[in-house]
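Chains as they are written, first to last, in our numbering: chain A, 3 to 513; chain B, 15 to 382; chain C, 2 to 402.
For every residue, glycine included, the Cβ atom is placed at its ideal position computed from N, Cα and C.
All of these numbers come straight from a predicted model, not from anything done at the bench.
Okay, so here's the structure we're looking at.
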Amino acid sequence: MEYRTPPNNELVSGEIALDLGMLRTTFERSSDVVFREFQLGDTQAAVMIFLDGMVDPLIVDSDIMQPLLKYGEQMQQKSGVSLTGLESLLKNQVITASQVNTGGQIQDVIDHILVGDTVLLIDGVNKALFISARGWGKRAVEEPATEAVIRGPREGFTEDLLTNITLIRRRLRTPQLKIEGMQLGRLSKTDVAITYLEGIADEAVIEEVRKRMNRIDIDAILESGYVEELIEDSPFSIFPQINYTERPDRIVGNLLEGKVGILIDNTPFALILPVTFFEMMQASEDYYQRYIVSTLIRLLRYMFLVIALLLPSLYIALLTFHQEMLPTSLLLSAAASREAVPFPAIVEALLMEISFEALREAGVRLPRPVGQAVSIVGALVIGEAAVSAGIVSAPMVIIVSITGIASFIVPSYSQAITIRLLRFPMMIMAGTLGLYGVLLGVLFILIHMSRLRSFGVPYLSPLAPLHASDLKDVLIRVPWWGMVRRSTETAKNNPRRMKGTLRPRPPKRGG
Amino acid sequence: MLDRGKINARQAGFLMFTFLLGSASVIVPSSAASFAKQDGWLTIIFAALIGIAVVLIFTNLGLLFPEQSIIQYSEIILGKWIGKIVGFLYVLYPFYSGALVIGIFRDYVTVTALPGTPAIIVSGSMLAVVAYAIRGGIETLGRVNELILPFRQLIVLLIIVLLITDFKWNHLLPILGDGIVPVMKGSISAASIPFGETIVFAMLLPNISNIRKVRRSYIFAVLLGGLMLTMSVLSAILVLGPSVVARLNYPAHEIIKYIEKMGFLTDMDTLGMTLWISSGFMKIAIFYYCAAVGLAQWCRLSDYRSVVIPIGVLIFIFSIAAYGNLIEDAVFLGTIWPFFSFPFVILLPLLMLIIAKIRRLGGKRAGE
Amino acid sequence: MRKLGILLLILVMLPMTGCWSRTELNDLSIVTAAAIDKMDDGKYLLTLQIAVPTMLGPVGNSSSSGTGSGGEKPTAIVSEKGETIMDACRKLQKKLPRRLFFSHSRIIVIGEKQAREGVSPVLDFFVRYRESRLRSFILFTQGKAADILKLNAKWEKISAEEIREEEQRHIGLQIYLKDFFHMLLADGIEPVAAQVALMSTEIDSEESSSGQEMNAAISGSAVFRKDKLVGWLNDAETRGVLWLRNELKTSIVTVDIPEDKGGGKISAAAVRETTEIKPILRNGKLKIKAEIFMENTLYENNSKLDMSDPRVIQFVERELEQDIKKRIQLTLDKAQKTFNSDIFGFGTAVYRTYPKAWNRQFKDSWDDVFPELEVDIKPHAKLVRTGLTNKSMIMVEEESE
């Protein structure tokens with residue numbers, strides 16, 4: 003049966019039977035809608051409508067029902083209920099709930115019921131009262147599962163937008179923090195908030211974000227991934243052009259760099275944009291650890307990024323095209339280990355890499371207790387048994403496992419999976435043209451990345467185009483007292499972050 | 015302007031630096047040593063001076079018409095018909111040189127790394143990647159180059175450090191033992207390739223955002239590029255000796271192959287190949303880009319992207335047809351090409367500059 | 002659309018991975034050393050030492066040690082005759098299941114017969130071929146080169162590796178292919194290369210020297226004029242070559258102490274040596290001045306000399322100088338008079354100092370000038386350390402008696 007939309011501009015008539023009838027037809031076969039009819043005083047029929055499970059019954063009881071009933075009694079004793087201005091009287095003097103609005107359209111009534119407000123209709127009053135007494139089962143703020151840290155706050159976003167906004171607001175107690183709310187999705191009516199720091203973020207970028215967000219006209223937004231794919235710059239690219247995080251401290255750090263955050267209801271993942279390739283290689287902990295350690299860890303991360311992308315293909319290229327590059331003794335032991343292997347190196351590598359990817363994927367999907375069993379079996383099968391059976395060579399197992407570990411060192415999951423996928427075409431290039439093919443593949447990837455932009459910011463900045471002053475936070479992480487300026491691409495307007503002389507020094511002593 | 019992308023003067027300088035190293039690193043040491051033996055490295059220094067002259071001429075000319083490329087202002091300076099012809103010559107020049115570089119690299123890769131692979135696959139796959147970069151415009155070229163350059167130079171430095179123990183400084187003596195004539199002869203060849211080829215950067219001038227700084231960064235690029243080339247010739251001579259260098263086709267390749275450290279760093283020549291190719295790639299890209307944009311300007315098209323693929327196919331075919339073998343190329347490059355390219359590189363631009371000055375063409379300088 | 006194109010391209014490339022330059026490791030015969038001999042019928046005999054991977058890897062090792070059978074060697078020797086080296090290679094290839102792979106061949110041994118007839122024709126292959134290395138050692142041997150390769154390895158897995166390690170310890174001449182070519186091509190210097198010979202590892206047991214306890218030793222050198230072998234230098238003479246070519250890394254000099262000083266011998270190791278060759282052209286007369294600077298450490302003293310006395314040190318230094326001079330003169334005489342081959346590069350030194358005079362006067366007549374060249378050897382020896390003791394322990398004992 004087709005869903006009948008209620009007439010668009012229908013007003014609340016004031017005749018409760020009529021309005022109620024319309025609402026009842028709208029919400030027919032919706033068992034969670036509660037129509038609580040009562041009387042204000044002796045005469046005045048009234049009805050309270052809300053969604054069971056989306057309101058807090060305690061608030062409804064103590065802040066709405068009790069005052070209303072008490073007021074009705076009082077009025078009854080005095081002079082009866084006067085209808086004129088009743089709604090504002092109730093709003094201003096009677097109902098103790100903190101947020102109360104009024105409205106006159108049936109559509110408003112329906113919308114408010116659906117978001118969890120309690121709607122009050124009174125016979126003879128052609129306005130409805132929308133009382134906010136929302137309350138539903140929420141997950142508590144927990145440690146983020148995907149971005150664990152050793153040092154740093156343990157709070158992660160939850161599925162509740164308001165909680166998430168609170169988590170941000172607690173870290174930025176300034177009116178400069180703007181949170182622009184909007185609703186996306188025809189059916190889902192998902193609350194979405196664009197957040198940024200006024201005066202730091204680039205107005206043009208914010209305007210562009212608004213424009214792209216307003217373009218979205220879809221039935222439902224279930225996760226931030228929907229929004230990401232609907233607003234990114236190059237939809238055909240394999241590289242993620244918008245970052246996501248479930249760490250409030252991370253998003254705040256980014257806001258301070260002049261970025262824009264998008265928070266979406268019902269998901270703990272918030273989007274950060276614009277973003278560059280190198281920012282995706284940074285973890286929030288880089289900024290909490292001591293800077294020398296962070297720098298070294300960052301360098302390690304880049305090294306393993308290259309390994310994750312290139313190691314199997316380099317292995318193939320060296321083993322099948324450029325055997326002269328291996329030292330003699332290594333070549334001889336590699337040759338010895340490969341004697342029994344029936345496959346060419348490229349096939350062997352593809353086999354192993356694909357089974358590794360399958361194991362990883364299975365590990366994610368499987369229920370936790372089973373997952374462990376699978377990983378043990380997998381490790382045994384592809385590691386030990388395959389080698390001793392002579393299906394694969396031992397060096398290949400080493401290569402595959404190093405590559406596997408290397409790909410997990412990339413902090414951003416979407417970036418890591420991109421790199422892991424790109425490994426396969428690279429391996430094919432290596433199997434076709436050797437190192438020359440690998441080089442062409444790398445050049446192709448670099449060219450592609452140079453062509454990408456994320457909301458106007460070149461994807462490879464600040465390395466290409468080069469911004470010398472931003473290099474302080476790319477391959478290395480300078481100490482905090484050295485981070486005097488914000489990133490040039492995103493915070494042109496307000497680059498200065500601190501007083502220039504924060505470097506701590508021991509006090510001078512005379513003599 | 016067909017490509018709306020802008021690069022800054024620094025990126026342009028970096029591009030020219032990579033451009034100079036491009037194919038030159040592969041062939042220059044051999045030709046320099048065959049002309050001037052142990053003084054081969056001096057030829058580069060003289061050639062770099064000529065390179066500076068070329069840069070000065072075309073930047074002076076270009077700054078008179080900051081919004082236009084050489085193909086467009088040649089029509090203004092020389093009149094419609096002669097200008098058209100001269101303009102077309104400047105489309106042909108990068109086209110021809112691009113095919114030449116592709117030919118050189120195709121031979122190089124086939125000889126050193128992939129003997130069994132069909133040569134057309136080597137050049138074809140390279141051109142396909144270049145075409146992808148060209149379609150991204152000059153901005154992409156500038157950025158990719160900027161990204162690769164520091165890492166490449168770091169590896170070059172590392173290679174030189176690894177070779178230092180194999181340097182035999184005696185190989186350099188006697189300096190100018192045979193007089194200056196062989197050095198001059200050698201520098202003519204080095205001046206045409208690579209220093210003369212910088213003339214194609216006249217095509218990029220309108221795409222440079224801070225055009226006033228461009229002359230300085232170009233001159234820096236020529237000096238640094240000259241230095242790097244000198245170092246590559248020097249290290250080849252120091253390691254192998256001039257008489258061996260002159261007889262090798264790819265001395266720079268051989269010295270990397272010669273590295274042996276700690277028992278396992280051996281035969282890294284394929285690593286060297288990746289270095290030369292990453293710079294040769296940019297050189298091909300610049301020629302290719304200039305040919306495509308030049309043709310589009312010459313035909314007054316609204317977008318150069320439509321001619322990218324056709325030009326690429328033409329370069330591909332031409333590189334097969336015109337460059338059959340390495341020896342012909344080497345002889346041609348050493349003897350005929352310098353005189354052939356002279357009018358393009360110096361004569362025509364100088365002529366245009368003089369005519370423009372006399373006719374007081376080309377209004378204000380940019381930014382003044 | 003474009004994505005589809007790329008995907009298609011990758012799909013098309015997949016089957017191509019099977020062809021072209023790709024060679025699997027188990028399809029390669031890894032050549033570890035090459036030997037070239039001239040046959041009596043004028044053909045070349047190419048002998049290759051090829052590694053057998055199954056015998057070399059960790060798996061093979063355990064199995065071979067488990068069975069303990071003597072028949073499984075880590076290397077195989079193959080040989081074939083041919084009109085050219087490549088021709089021999091092609092014929093060899095017919096006999097082998099795997100492709101010959103030369104990149105790891107780091108030793109080239111050439112037999113005497115071939116060397117006497119000229120090495121240029123055979124060496125061209127080793128620089129022109131893609132898999133060649135300029136950093137291969139080139140060695141010559143009296144007799145057949147093939148015999149050197151047939152040796153069984155004792156310390157390393159492969160005998161070629163043993164020879165290479167020996168070379169790299171700077172005991173004899175260390176001549177890479179590149180150096181050989183440089184000497185061949187440059188004016189005013191003639192090639193010289195190390196000699197490899199089979200020697201038994203023990204010298205007292207005469208019976209066992211019948212074959213199995215042999216080892217390849219780098220001793221002596223081969224002297225060339227242009228590309229033709231003209232003669233051999235023995236070990237002692239080779240040290241003179243090393244001295245004059247400034248290539249000596251370490252050397253032990255043993256001097257006899259005259260009887261009037263108490264007799265006995267002193268051995269000193271040179272720790273730092275440099276040789277400077279200075280041509281001097283005066284009134285059209287050419288003279289070479291060779292100055293040798295060396296710093297020595299005393300390692301053995303069984304004479305009666307008291308090494309804690311500075312005057313004795315000076316005496317020993319002079320003795321050392323004389324000994325060195327004697328040795329070098331010996332080599333020099335042989336090179337000048339017997340071989341007339343400028344293996345020291347005096348001609349190059351002249352060219353470097355007097356390029357104009359060289360081009361005008363000496364370049365074409367160097368063969369006549371060199372044998373008559375006056376060479377002034379000036380050694381400067383210094384004894385800087387006396388090891389861990391100063392006076393000899395023996396001497397102290399004798400005095401106390």
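The alpha carbon of serine 206 of chain B has as its nearest neighbour, out of B:Asp180, B:Thr124 and B:Ile41, the alpha carbon of B:Ile41. Under a criterion of Cβ atoms nearer than 7 Å, the residues of chain A adjacent to phenylalanine 295 of chain B are, in order, Leu445. Shown here for tyrosine 303 of chain B: same chain residues with a beta carbon closer than 6 Å to its own, the five before and five after excluded, namely Ile148 in chain order. Classified as buried, valine 49 of chain A has 16 or more neighbouring CB atoms from the shown chains inside 10 Å of its CB. Proximity of lysine 271 of chain B to chain C, defined by a Cβ-Cβ separation below 8 Å, is satisfied.
If you check the CB distance, leucine 77 of chain B and isoleucine 233 of chain B do not come in under 8 Å. Taking the Cα positions, leucine 367 of chain B is about 21 Å away from glutamine 311 of chain B. The stretch 138-153 of chain B and the stretch 341-351 of chain B do not touch, with fewer than 3 CB-CB distances between them shorter than 8 Å.
DSSP, reduced to helix, strand and coil, places leucine 368 of chain A outside both helices and strands of the structure shown, so it counts as coil. Contact annotation: methionine 295 of chain C and lysine 229 of chain C have beta-carbon atoms that are not nearer than 8 Å.
Bridge pairing for tryptophan 138 of chain A: absent [DSSP]. For proline 122 of chain C, no beta strand (DSSP E) encloses it; the enclosing alpha helix (DSSP H) starts and ends at 121-129.
A direct Cα-to-Cα measurement between asparagine 256 of chain A and valine 402 of chain A gives close to 35 Å.
Scanning its chain for C-beta atoms nearer than 6 Å, with the 5 sequence neighbours on each side dropped, one finds around threonine 322 of chain A the residues Ala347, in chain order. The continuous beta strand (DSSP E) containing lysine 286 of chain C extends over residues 286-302.
Beta-bridge partners of proline 380 of chain C (DSSP): C:Ile293. Listed along chain A, the residues sitting closer than 8 Å to alanine 127 of chain B by beta-carbon distance are Phe323, His324, Gly436, Leu437 and Tyr438.
Taking a 10 Å sphere around the C-beta of arginine 120 of chain B, we find 16 or more other C-beta atoms and assign the residue as buried. Between threonine 33 of chain C and histidine 105 of chain C, the gap from beta carbon to beta carbon is short of 8 Å. In the structure shown, proline 69 of chain A falls within a helical segment according to DSSP collapsed to helix, strand and coil.
Closer than 8 Å to the CB of leucine 333 of chain A there is at least one CB belonging to chain C. Methionine 242 of chain B is classed as buried because its beta carbon has at least 16 other beta carbons within 10 Å across all chains shown. Taking 8 Å as the upper bound for CB-CB distance, proline 80 of chain B and glycine 308 of chain B are not in contact here, some 18 Å apart.
The alpha carbon of leucine 312 of chain A has as its nearest neighbour, out of A:Leu189, A:Tyr438, A:Arg488 and A:Arg362, the alpha carbon of A:Tyr438. DSSP places leucine 97 of chain C in the coil class of the three-state scheme, outside both helix and strand.
Under the three-state reduction of DSSP, isoleucine 41 of chain B is assigned to helix.
In this structure histidine 183 of chain C is not in contact with glycine 348 of chain B, their Cβ atoms being roughly 23 Å apart against a cut-off of 8 Å. Listed in chain order, the non-local C-beta contacts of arginine 498 of chain A below 8 Å within the same chain comprise Val486, Arg487 and Arg488, local neighbours out to five positions each way being set aside. Distance between alanine 116 of chain C and lysine 288 of chain C, taken at the CA atoms: about 32 Å. Interface with chain A (8 Å Cβ-Cβ cutoff): leucine 178 of chain C is excluded. Cβ neighbours of valine 214 of chain B within its own chain (closer than 6 Å, five residues either side excluded): Pro108 and Cys304.
The straight-line gap separating the alpha-carbon atoms of threonine 104 of chain A and isoleucine 115 of chain A is approximately 13 Å. None of the residues of the stretch 311-326 of chain B has a beta carbon lying less than 7 Å from any beta carbon of chain A.
When DSSP assignments are scanned along the stretch 45-112 of chain A, the uninterrupted stretches of alpha helix (DSSP H) that are 4 or more residues long and fall wholly within it turn out to be 68-80 and 88-91. Residues of the stretch 131-148 of chain C whose Cβ lies closer than 8 Å to any Cβ of chain B, in chain order: Arg131, Arg134, Leu135 and Arg136. If you check the CB distance, threonine 197 of chain A and isoleucine 181 of chain A come in under 8 Å.
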